[in-house]
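So in UniProt numbering, spot 170 of the sequence shown is number 170, and the numbers just go up one at a time.
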Amino acid sequence: MTTITMTETTDSTILNHGGLPQRLDDRFMDRYEKLSPEQAGHLRHFHNLATQPDGSWHLMGSQDPGQEWLDAYRYQLATMAYAAGAAHYHRMAALRSVFKDLMQCLISKMLRRDVWGYWFLTSHSGKLVDPDIVELRKPWADPIVKENIMVHDATNIADDVIKRYTAAWEAKGMVGDDGMFIQWYSPKQNTKLSTPDIGSTAWAAAFMNAWNSELAHHSFDTHAVGFLSRVEEDRVNLNPGPVAFEIRKISKAQELDANCADVIQKAMDNVRQRPSDGSPSELPYSRPTFGYVAQWVSELGNKATLDGLLTHADRYLNPTWQNGGLYYSPSKEKSDTKGNWLMVEPYTGNAAIGYARLNVLDGQRKMWQRPWTPEKVSRSPFIDGVNLGSGVDFLRGCWDDARGAMILTMRSWDGSSREMNLKFCGLPAGQYGVYHNGSLVDTRKVGIEGGSIDLLAGATREELNLVLLRA
């Protein structure tokens, strides 16, 4: 049984329940979207990884021990932070302390030398990134002081950077003959490398949507052809580059639907029958292609496509639950005999699929266009004093200004009984009813604008819906 105990605050007093309904309408909570078990599981997995002891990187081991590949610690942590930010902004804006604590833990991990120490060796450069180099560069340790993008406080240069970047993009011709974005550009040699699959294109478009939405959206359907195949009514498969480009070739030449099962099978057969030239692959590591694509579809696709891709992940990519957290276990196997994508590396399994589930359509774009300003934050009611370290998963957390209602849904992740001190802050002045699973259990008066109400709440395996409703 979940219990609620009222505790005194300096700006509120207990009142009778005059004017407030004894029970909320049964459909009261329906308008507030609730996190699915999987979405809550991703957030808890982020928490589990971010709160490991310093020096511990359980489940995060990247393929290159030097942290120079695409699934390095820094990329996993950054994507978890992006995912947490998207979940906070779009889904549970009132849970300020929950996401603040999670972000602080992720940032603490980012500051570990294990994450950024790679740069001293990388700064030497080498033949892979600079084929004309004859002598290694003098190294330096700080990864952002010289060559990587720097962001300083109290500056706003985004508009100028975007104009210059867009002009350079057009001047350099960053779209290949196959319609995909160029994977690699070498300024010194003025050379471009086309992409072997959709990974780099998907990653670029997912974040380009924030500031160049027209290009990102316009190219989505074109880029998806051949790569995303609806193979079952509820499932979308990702095809590897050679198969996808062959699907494009066949469907165009014969004017057939790229999703046709016969076209897909013919493309796989053609690729399998090609003689190998004996040359090694580009690099001996798995690219985080599925993760990039999942992020891309979550930003630019549609619900049916994203749901289909996530269904594929749940059936074929070995979803694993550990300590209440959900991730997808690594697999080096590229695909099965039927062409179903199987490959997973730590970036995709720990961070990117979680990002895709927690993001919303045009999520990056919406945050770019309507960022939270200090003014907005200062006048928005919020919940304080709790975090994921309490052992509780939070499924709803929002303020409804039109209703004058604070909404919170929570449960313990492991079924145990947990107690926490909830502080509802920044509330408009007025009388509030406190509702426990729809029933009025007490009332409070907030006497000043921006006042607060404290509750001692206990959570168990059963979901608890807490509502503060202003009369």
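In this text, a Cβ means the ideal position worked out from N, Cα and C, and glycines have one as well.
With DSSP run on the structure shown, which of helix, strand or coil describes residue i?
| i | result |
| --- | --- |
| Ser-186 | strand |
| Arg-164 | helix |
| Val-392 | strand |
| Val-344 | strand |
| Leu-256 | coil |
| Val-134 | coil |
| Leu-20 | coil |
| Ser-194 | coil |
| Val-360 | coil |
| Ile-247 | helix |
| Lys-303 | helix |
| Phe-382 | strand |
| Asp-400 | strand |
| Asp-414 | coil |
| Thr-51 | coil |
| Gly-451 | strand |
| Ser-56 | coil |
| Glu-463 | coil |
| Leu-310 | helix |
| Gly-426 | strand |
| Lys-338 | coil |
| Lys-445 | strand |
Less than 8 angstroms separating the beta-carbons of residue i and residue j?
| i | j | result |
| --- | --- | --- |
| Met-92 | Arg-396 | yes |
| Thr-460 | Ser-417 | yes |
| Gln-63 | Leu-358 | no |
| Leu-111 | Ser-125 | no |
| Ala-84 | Phe-46 | yes |
| Lys-338 | Ser-286 | no |
| Asp-71 | Tyr-347 | yes |
| Gly-430 | Ala-471 | yes |
| Asn-237 | Asn-340 | yes |
| Asp-177 | Gly-241 | no |
| Ile-247 | Ala-258 | yes |
| Lys-34 | Thr-409 | yes |
| Leu-300 | Ala-206 | yes |
| Leu-59 | Lys-109 | no |
Taking residue i as the reference, give the member of the options with the closest Cα.
| i | options | result |
| --- | --- | --- |
| Lys-195 | Glu-135, Gln-431 and Ala-204 | First, the amino acid is wrong: residue 195 is Thr here, not Lys. Residue Ala-204 is the option with its Cα nearest to Thr-195. |
| Pro-381 | Thr-79, Ser-97 and Met-208 | Ser-97 |
| Pro-319 | Asp-101, Leu-310 and Ser-329 | Ser-329 |
| Gly-179 | Asp-130, Ala-244 and Pro-131 | Ala-244 |
| Ala-351 | Tyr-32, Tyr-73, Gly-55 and Arg-23 | Tyr-73 |
| Ser-378 | Gln-265, Gly-450, Tyr-316 and Ser-219 | Gly-450 |
| Leu-342 | Gly-324, Arg-315, Trp-321 and Gly-363 | Arg-315 |
| Thr-222 | Thr-201, Ala-405 and Glu-345 | Thr-201 |
| Asp-130 | Gly-61, Lys-188, Pro-53 and Asp-160 | Lys-188 |
| Cys-105 | Asp-414, Pro-428, Gly-447 and Asn-387 | Asn-387 |
| Gly-458 | Gly-447, Asp-362 and His-436 | His-436 |
| Pro-284 | Glu-345, Ala-294 and Ser-229 | Glu-345 |
| Lys-423 | Ile-407, Leu-455 and Asp-54 | Leu-455 |
| Asp-442 | Asp-384, Leu-469, Thr-373 and Glu-462 | Leu-469 |
| Trp-116 | Pro-143, Leu-102 and Pro-139 | Pro-143 |
| Leu-24 | Val-446, Val-434, Gly-447 and Asn-212 | Val-434 |
Going by DSSP, name the residue or residues bridged to residue i.
| i | result |
| --- | --- |
| Leu-468 | Met-406 and Val-434 |
| Asp-319 | Looking at the sequence provided, one finds Pro at residue 319 rather than Asp. Bridge partners of Pro-319: Tyr-328. |
| Glu-232 | Arg-235 |
| Phe-181 | Val-175 |
| Val-377 | DSSP lists no partner for Val-377. |
| Ser-439 | Arg-23 and His-436 |
Does any residue of chain B have a CB that is nearer than 8 angstroms to the CB of residue i?
| i | result |
| --- | --- |
| Val-225 | Of the protein chains in the structure, only one exists, and it is not chain B. |
Length-filtered (4 minimum) alpha helix (DSSP H) runs lying within the stretch 64-112
73-90 and 96-110
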